[in-house]
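In our numbering, the protein residues as written are 2 to 229.
Given below as structure tokens:
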């Protein structure tokens, strides 16, 4: 499921006496009590991440000179890296992640969204508290013969009891046998890692295992806020 936050006002960067107005690029939303501020390589060549708060919730942002950032490979990676830093910040923090590209004209527009979306953020933070997203892809070795249905059932028997939730992803290649994302409690991460390792040993002659993460749990939150 997509996580989308639609700005209440969406305009191009403006100027005041030749100086570019600093807009707010959003990585996600945390509890306002979770103070987040650190220096890092952020989207759009920013070097600091901090929060803009309204009552109970806070958007984690960096400054940017546009409300329509271009999704370069470098900035997409920076977006993901910042989310990982937030998840590990000060002993670990839960964040409702935003997809790349969410930027606002300023604090006022951003606080309007935080105010109007309080119920959605409350539900999302509750659902993903203390959890991470992990991805598993199984790729068929060349000339291997596999029973895809049997493999899917086998993987489900091994991983579903450990995971809190899971969702299927696209099989975008003929050789891609299995592609799924899992929401896993951080306390169960080691057990999940061991289970994936067992699957890799079981299918080593037939399948290549692509195990990725941890990610912010993009696939398990659904926050859609329309223009106000």
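A virtual CB, placed ideally from N, CA and C, is assigned to each residue, including glycine.
Using DSSP bridges, identify the partner residues of residue 166.
-> 184
If we count the other Cβ atoms within 10 Å of its Cβ and call it buried at 16 or more, is residue 191 buried or exposed?
-> exposed
Taking contact to mean at least 3 C-beta pairs separated by less than 8 Å, is the segment 105 to 121 in contact with the segment 162 to 180?
-> no
In terms of DSSP beta bridges, what is residue 87 paired with?
-> Beta-bridge pairing links residue 87 to no other residue.
Give a yes or no on contact between the segment 175 to 185 and the segment 147 to 154, applying the rule of three or more CB pairs nearer than 8 Å.
-> yes
Work out the CA separation of residue 218 and residue 137 for me, nearest whole Å.
-> 14 Å
Hey, out of 62, 58, 93 and 42, whose CA is closest to residue 26's CA?
-> 62
Excluding the 5 residues preceding and the 5 following residue 83 in the sequence, name in chain order all residues of the same chain whose CB lies nearer than 7 Å to its CB.
-> 28, 41, 43 and 50
Have a look at residue 214 and residue 221 and give me their C-alpha separation to the nearest angstrom.
-> 14 Å
Residue 33 and residue 60 closer than 7 Å at C-beta = no
Cβ pair residue 185, residue 135 closer than 7 Å | yes
CA-CA distance, residue 37 and residue 52?
-> 6 Å
Residues bridged to residue 52 by DSSP?
-> 61
Buried or exposed: which applies to residue 114, given that a residue is buried once 16 or more other Cβ atoms fall within 10 Å of its Cβ?
-> buried
Assuming residue 187 and residue 132 make a contact with CB atoms under 8 Å, what is their CB distance in whole Å?
-> 7 Å
Residue 148 to residue 195 span [Cα, whole Å] = 23 Å
Which ranges does the beta strand (DSSP E) cover as unbroken runs of at least 3 residues, wholly within the segment 92 to 160, from first to last along the chain?
-> 132 to 141
Give the secondary structure of residue 173 by DSSP, where H, G and I count as helix, E and B as strand, and everything else as coil.
-> coil
First and last residue of the alpha helix (DSSP H) that includes residue 193?
-> 190 to 203
Kindly give me the distance between the Cβ atoms of residue 97 and residue 30, rounded to whole angstroms, as I take these residues to be in contact under 8 Å.
-> 5 Å
Rounded to a whole number of angstroms, what is the C-alpha to C-alpha distance between residue 112 and residue 54?
-> 7 Å
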